[in-house]
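Chemist: I have a structure here, written as C-alpha cells, and I will follow up with some questions on it.
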Amino acid sequence: MTAHSNSQAQAATALSQLLAEHPDVTGLTWSIDPLGTLRGERHAESGDGQIVDEVAEIIGGTAAHVCFTRDGDRQGLAQLTTVWRDVPVHVWASYPEAPLGGAR
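With numbering that gives the first Met the number 0, letter number 7 in the sequence shown gets 6, and the count goes up by one each step, no holes.
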C-alpha cells in the first residue's frame with residue numbers, strides 16, 4: 000500500500016466515523032483527494048454557511064466567513080481548514096448574501 004492510499008484509507012475511516020457519530024451532519028458532498036484530505040462542500044441556495052460552523056463545533060477549528068461580489072451578486076463563503084483524527088479536513092459552503100443594508 001502506498002503512502003497516498005494509506006492517507007486516503009485513514010481519511011475514509013475518519014469520514015465514516017464522523018457520519019456514524021454525527022448523523023445530523025447532512026447537506027455536504029464529501030470527497031477524499033489523492034493526498035488524503037477530507038473535503039466537504041456545499042453550494043447553497045439559501046442560508047449563511049451555518050453547516051460549516053456546525054462541523055467546526057464537532058471537529059474543532061474556527062470557520063471563516065467572507066463576502067464578495069461576483070457578476071454583480073453578493074456571495075458568501077464559509078470555510079474551515081483543520082485536522083481531525085490526524086486527517087486534514089477542508090469544509091466550505093457558498094451561499095447568496097443579502098444585499099447591503101438588507102436582512103441576512
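All C-beta atoms in this analysis are idealised placements derived from N, C-alpha and C, irrespective of residue type, glycine included.
Quick caveat, the model's predicted, so the values are computed rather than measured.
Does DSSP put D105 in a helix, in a strand, or in coil?
Modeler: This structure does not reach residue 105, given that the chain is present from 0 up to 103, and the question cannot be answered.
Chemist: Evaluate the contact criterion for the region 65-75 versus the region 50-57: three or more CB pairs, one atom per stretch, below 8 Å.
Modeler: Output reads no: the region 50-57 does not touch the region 65-75.
Chemist: According to DSSP, which residues form a beta bridge with H89?
Modeler: Start at 1 with the first residue of the sequence shown, and residue 89 comes out as number 90. According to DSSP, which records beta bridges pairwise, H89 is partnered with R38 and T80.
Chemist: Check whether the Cβ atoms of G48 and G75 sit closer than 8 Å, and answer yes or no.
Modeler: Your numbering for residue 48 matches position 49 in the sequence shown. Your numbering for residue 75 matches position 76 in the sequence shown. For G48 and G75, yes; Cβs fall inside 8 Å.
Chemist: Assuming E56 is part of the alpha helix (DSSP H), what are its boundary residues?
Modeler: Here the question's residue 56 lines up with position 57 in the sequence shown. Q49 to I58 is the extent of the alpha helix (DSSP H) around E56.
Chemist: With a threshold of 16 other CB atoms inside 10 Å of the CB of G39, please say whether the residue is buried or exposed.
Modeler: Position 40 of the sequence shown, counting from 1, holds the residue named residue 39. Flag for G39 reads buried.
Chemist: Can you list, in chain order, the residues of its chain whose CB lies under 6 Å from that of R84, leaving out five sequence neighbours each side?
Modeler: Walking along the sequence shown from the start, residue 84 turns up at place 85. Hits under 6 Å: A13.
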